[in-house]
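Peer 1: Every letter in the sequence shown is one number past the one before it in this note's numbering, and letter 72, counting from 1, is 73.
Here you go, one structure.
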Amino acid sequence: MITGHNTITIGDVGCLVQFEDNFFQDTFDLYLAEYRAWGFCRDVSPQIAITVKDGFIPQPTAANRNLFYQALQYDTVAATMLLDSSTSRGEIGFSIGQGDAFTIVRITELIESFICNAYIFYFALHEIGTFIHACGVDDGNKGYIFAGPSGYGKSTIGKLSFPREILCDEMVLLKKDHVAGRTVFGTPYVGESKGLNRGVRCRGIYFIEQSTENVLLPISRMSAAITLIKEGIMGNFLSLEGVRNIVSYGTFLPLVLDLLAGIPCYRLRFKKDNSFWRLIHGNEDLTD
């Protein structure tokens with residue numbers, strides 16, 4: 002029996018998280034306090050629905066290309082997820098061994114991971130967007146994406162960009178909007194900053210690398226798309242068993258190329274001060 006629910010909203014897409022027989026409901030509700038503070042728990046009509054329950058979910062025996070099944074072992078916690086990608090409806094089941102002080106942390110992180118995967122499927126299959134391993138910055142209602150692997154300086158970019166607002170310093174959403182533009186949204190999947198549930202028109206994407214000087218090098222849309230597909234979030238997702246039966250590289254590449262249409266893409270080597278912003282704005286003055 003469903004005993005409670007929460008709604009998470011990312012990029013104006015709602016995910017209903019339901020709890021069966023009170024399993025983990027109160028604890029996850031406490032975890033969502035930051036989501037609420039950042040604006041990611043809005044009461045909207047959900048497009049995705051996930052039920053969290055106690056117990057193992059068996060792998061389907063019948064072949065169905067729409068079904069995604071994943072099983073994970075996180076120390077003493079075993080988790081299974083079954084998602085019907087055609088309806089964006091799924092279940093997360095947990096089997097807990099010997100509990101300890103970190104059990105609730107493991108369960109929470111696994112729920113968050115499964116919800117993230119459900120969003121990736123939804124955005125990809127509806128051909129409207131993708132998550133990017135990046136820091137997103139709102140500079141006067143213009144959105145900038147600074148992408149790079151862990152350790153390349155995404156959180157540093159965020160700190161150096163003050164007083165501009167940081168949408169998120171770890172993972173952002175690039176999504177089509179209703180007027181044929183591209184919007185960058187903050188997500189609750191953060192590094193050292195908070196997240197903001199806000200979207201602004203994307204002005205540029207910068208693949209970052211820390212350096213002793215500021216250098217800006219334009220790159221092609223294809224080069225940018227391939228880099229984004231290979232990078233952390235989507236690269237790891239597309240490598241999961243069963244994902245490519247639903248979302249293949251061949252179907253995902255055209256989506257990313259479409260998302261990047263009209264967005265300038267660059268490689269940015271930057272010094273550890275805010276002078277890289279003068280380089281970005283100076284380049285915009287020359288190219289606009």
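Note that the Cβ used here is the ideal one computed from N, Cα and C, for glycine as well.
Could you check if Ile11 is buried or exposed, using at least 16 other CB atoms within 10 Å of its CB as the buried criterion?
Peer 2: buried
Peer 1: Would you say Arg245 touches the ligand COA, meaning its beta carbon is less than 7 Å from a heavy atom?
Peer 2: Looking for the ligand COA in the displayed structure turns up nothing, as the structure carries no ligands at all.
Peer 1: Buried or exposed: Glu214, going by 16 or more other Cβ atoms within 10 Å of its Cβ?
Peer 2: exposed
Peer 1: Output the distance between the C-alpha atoms of Leu175 and Leu241, rounded to the nearest integer angstrom.
Peer 2: Taking the straight line from one Cα to the other gives about 22 Å.
Peer 1: Kindly list the residues whose CB is nearer than 8 Å to the CB of His6, restricted to its own chain and excluding five residues on each side of it in sequence; keep chain order.
Peer 2: Hits under 8 Å: Leu17, Val18, Gln19, Phe20.
Peer 1: Leaving aside the five residues before and after Ile58 along the sequence, list all residues of the same chain whose C-beta is less than 6 Å from its C-beta, in chain order.
Peer 2: Thr81, Leu83, Glu92, Gly94
Peer 1: How far does the beta strand (DSSP E) with Phe20 in it reach, from first residue to last?
Peer 2: 14 to 21
Peer 1: One question on the structure: do Asp170 and Ser194 come within less than 8 Å of each other, judged by their Cβ atoms?
Peer 2: Cβ atoms of Asp170 and Ser194: closer than 8 Å.
Peer 1: So, is the C-beta of Gly283 closer than 8 Å to a C-beta in chain D?
Peer 2: Of the protein chains in this structure there is only one, and it is not chain D.
Peer 1: Using only alpha-carbon positions, find the residue among Tyr123, Tyr190, Pro189, Gly200 that is nearest to His179.
Peer 2: Gly200
Peer 1: Under the DSSP definition of a beta bridge, which residues are partnered with Asp85?
Peer 2: Leu68, Arg90
Peer 1: I think Gly192 touches Ser224, with their Cβ atoms under 8 Å apart; what is that distance to the nearest whole Å?
Peer 2: So it is not a contact: roughly 25 Å between Cβ atoms.
Peer 1: Whole-angstrom Cβ separation of Val173 and Ala135, contact assumed at under 8 Å?
Peer 2: 5 Å
Peer 1: Indicate the three-state DSSP secondary structure (helix, strand or coil) for Phe132 in the structure shown.
Peer 2: strand
Peer 1: Scan the region 210 to 242 and note each continuous beta strand (DSSP E) run of 3 residues or more that stays entirely inside, going in chain order.
Peer 2: 216 to 219
Peer 1: Taking 8 Å as the limit between beta carbons, can you name the residues of its chain near Thr104, skipping five residues before and five after?
Peer 2: Take Thr104, set aside five residues on each side of it, and the residues of its chain with a beta-carbon closer than 8 Å to its own are Thr77, Val78, Ile97, in chain order.
Peer 1: Three Cβ pairs or more, each shorter than 8 Å: is that satisfied between the region 45 to 61 and the region 107 to 122?
Peer 2: Taking 8 Å as the limit for Cβ pairs, the verdict is that the region 107 to 122 does touch the region 45 to 61.
Peer 1: In this structure, does DSSP put Leu305 in helix, strand or coil?
Peer 2: In the structure as shown, the chain starts at 2 and stops at 289, and residue 305 therefore has no counterpart that could be examined.
Peer 1: Kindly indicate which residue of Gln211, Ile133, Ser221 has the alpha-carbon position closest to the one of Thr184.
Peer 2: Ile133
Peer 1: Measuring only the C-alpha atoms, how far is Gly40 from Thr28?
Peer 2: 19 Å
Peer 1: Is the beta carbon of Tyr36 sitting closer than 8 Å to the one on Ile9?
Peer 2: Yes.
Peer 1: According to DSSP, is Cys117 part of a helix, a strand, or is it coil?
Peer 2: helix
Peer 1: Run through DSSP, which three-state label would Arg279 get?
Peer 2: helix
Peer 1: Could you tell me the alpha carbon to alpha carbon distance between Gln99 and Arg107, rounded to whole angstroms?
Peer 2: 13 Å
Peer 1: Among Asn142, Thr4, Ile112, which residue has its Cα nearest to the Cα of Leu1?
Peer 2: Residue 1 lies beyond the range of the chain shown here (2 to 289); nothing can be said about it.
Peer 1: For the alpha helix (DSSP H) containing Lys155, list its first residue and its last residue.
Peer 2: 155 to 161
Peer 1: Considering only residues of the same chain and omitting the five flanking positions on each side of Met235, which have a CB-CB separation below 6 Å?
Peer 2: none
Peer 1: May I have the straight-line CA-CA distance separating Arg66 from Gly251, to the nearest angstrom?
Peer 2: 16 Å
Peer 1: With a CB to CB cut of under 8 Å and the five nearest residues on each side skipped, what residues in its chain are close to Leu258?
Peer 2: Arg222, Met223, Ala226
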